[in-house]
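Line order of the protein sequences matches chains A and B. Every letter in the first sequence is one number past the one before it in my numbering, and letter 159, counting from 1, is 674. Every letter in the second sequence is one number past the one before it in my numbering, and letter 116, counting from 1, is 121. Cβ coordinates follow ideal geometry from the N, Cα and C atoms, glycine included.
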Amino acid sequence: MRLFFGSCFTLVLAAVVGLGATWLTLTRGVAFGALNLGAWTAWPKSGSVDIDPYARAIISRTGQLPIGTGDGVAFYARRDDAGNAFDGRCTFVISGSTPAARYWTLTLYDTEGRPVANTIERHGFTSAEIVRETDGRFTISVAPRARPGNWLPTGGIEQFVLVWRLYDTPIGVATRTAKAGPMPAVARKDCS
Amino acid sequence: MIRLLLWILGAVLLGGIVHLSTVLAMPQTAKQDAYSRLAPLTPVNAVAVLPPPTAKASLMPFMDPAFAVAVCRYDISSGPLKFKAPVSQAYTSVTFYTRKSVAYYAINDRAAGRRSIELDLMTAEQHAQMPAEEDVTAADRLIIESPTTTGLILLRTLAPEPGLMPMARRALGGAQCHLEEAQ
């Protein structure tokens, strides 16, 4: 009898531990080979056949197609440099410059990876349309209400994700440190 | 007490096996991966232009809205495939994915170095069967080996500003994707 209860207990606990760990890693986005530059994180290997099993499980579960290594690299940010989570009711200011790339795009998504509805139908910027200072640096205001200059509307949603994609860039699998690619700084300003 | 600890240790070990096998099995069992999402909307071995992602409807998560995207859902079980795409003024890239969304090859317009990107897609077996002399004369043809017989080719053209999106979408219209003997 004791053996029976013992095995039942073990099997149930094993299922909870195993499936719980799988659920946690797939929803939290755990993957190996992350490249962290400031608030930005990329997984350059996800765009090649060297993709790790966790990243493979995530992309097949969510239905996304990772950006290919010969195409570019995608950096994700969910928090600012100080660790504040991106809240669409607050203003975040992105400033600085980007690593070398022929083009880049910055896009704002909800947590499910959909663009966010807003009145001016702006979901992001490309390197070609951004308004820059004379020294080539730029400032982007990610805010719920209109701002002068480069305004990226949040639509006032609770949580958002920013994705910075560099196309035709030397940044990739071989990049190890921030020296190769200084990514723009992200800071929270006021919240409404 | 020791007995209980042993049961728990066994459960954790077994849980680890469950965890690893579910992670590894995920790509095989996922019903909503990119290929499955595109299958009802796109023809086989032909180019289909995808609708832009909007807040209401996005075919796949985390699509770049600055790009016009076309897809060729291929099946090369009966022979090699020819893919040709004109290069736009801004930036064009072609990425090859297996049936399970692994990006195994990507090239951009600069790396292709011509006015159009021309690629031959075949399995390793079909590549091995190609006559040797043809391989030599075709040195300027890019031959890509697909690890699977089905998969996706994604053609993406950048619209540097929203006003240029119609032009980027028009550029996709010139793309071709067909089996070799179909010519």
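Taking 9 angstroms as the upper bound on Cβ-Cβ separation, chain A lies near residues Ala95, Tyr96, Ser98, Val99, Thr100, Phe101, Tyr102, Thr103, Lys105, Ser106 of the region 94-106 of chain B.
Close CB contacts of tyrosine 102 of chain B within its chain, under the 6 angstroms cut and outside five residues either way in sequence, are with Ala108, Gly156, Leu157 (chain order). The beta carbons of arginine 647 of chain A and phenylalanine 590 of chain A sit no closer together than 9 angstroms.
Closer than 7 angstroms at the C-beta level to chain B, one finds these residues of the region 631-660 of chain A: Val631, Ala632, His638, Gly639, Thr641, Ala643, Glu644. Within the region 676-689 of chain A, Val678, Arg680, Tyr682, Asp683 place their CB atoms closer than 7 angstroms to a CB of chain B, listed in sequence order.
Exclusion of the five residues before and after glutamine 674 of chain A leaves Thr626 as the residues of its chain whose Cβ lies within less than 6 angstroms of its Cβ. Taking the CA atoms as reference points, leucine 126 of chain B sits about 35 angstroms from threonine 537 of chain A. Taking the Cα of valine 49 of chain B as reference, the smallest distance to any Cα among B:Leu184, B:Tyr40, B:Arg78 is reached at B:Arg78. For arginine 617 of chain A, the nearest beta carbon of chain B is closer than 9 angstroms to its own beta carbon. In the displayed model, glutamate 186 of chain B falls within a helix according to three-state DSSP. Distance from the CA atom of aspartate 602 of chain A to the CA atom of glycine 671 of chain A, rounded to whole angstroms, is 8 angstroms. The beta carbons of valine 608 of chain A and isoleucine 655 of chain A sit closer together than 9 angstroms.
Leucine 163 of chain B places its beta carbon 9 angstroms or farther from that of serine 63 of chain B. Against chain A, the CB of lysine 61 of chain B has a partner CB under 9 angstroms away; the residue lies at that interface.
The continuous stretches of beta strand (DSSP E) do not include tryptophan 538 of chain A, which lies in the alpha helix (DSSP H) extending over residues 517-543. Taking a beta-carbon distance threshold of 9 angstroms, threonine 155 of chain B does not count as an interface residue toward chain A. Between alanine 589 of chain A and chain B, the shortest Cβ-Cβ separation is below 9 angstroms. Take serine 561 of chain A, set aside five residues on each side of it, and the residues of its chain with a beta-carbon closer than 6 angstroms to its own are Ala570, Pro581, in chain order. Counting C-beta pairs closer than 8 angstroms gives fewer than three between the region 29-48 of chain B and the region 546-555 of chain A, which falls short of the contact rule. Per DSSP, reduced to three states, the secondary structure at isoleucine 158 of chain B is strand. Sequence-distant partners of glycine 628 of chain A (beyond 5 residues in either direction) whose C-beta falls short of 8 angstroms from its own C-beta, in its chain, are Thr577, Gln579, Val676. Between the alpha carbons of leucine 539 of chain A and arginine 146 of chain B lies a distance of about 45 angstroms. Under the criterion of beta carbons closer than 8 angstroms, alanine 90 of chain B and isoleucine 122 of chain B qualify as touching, at roughly 5 angstroms.
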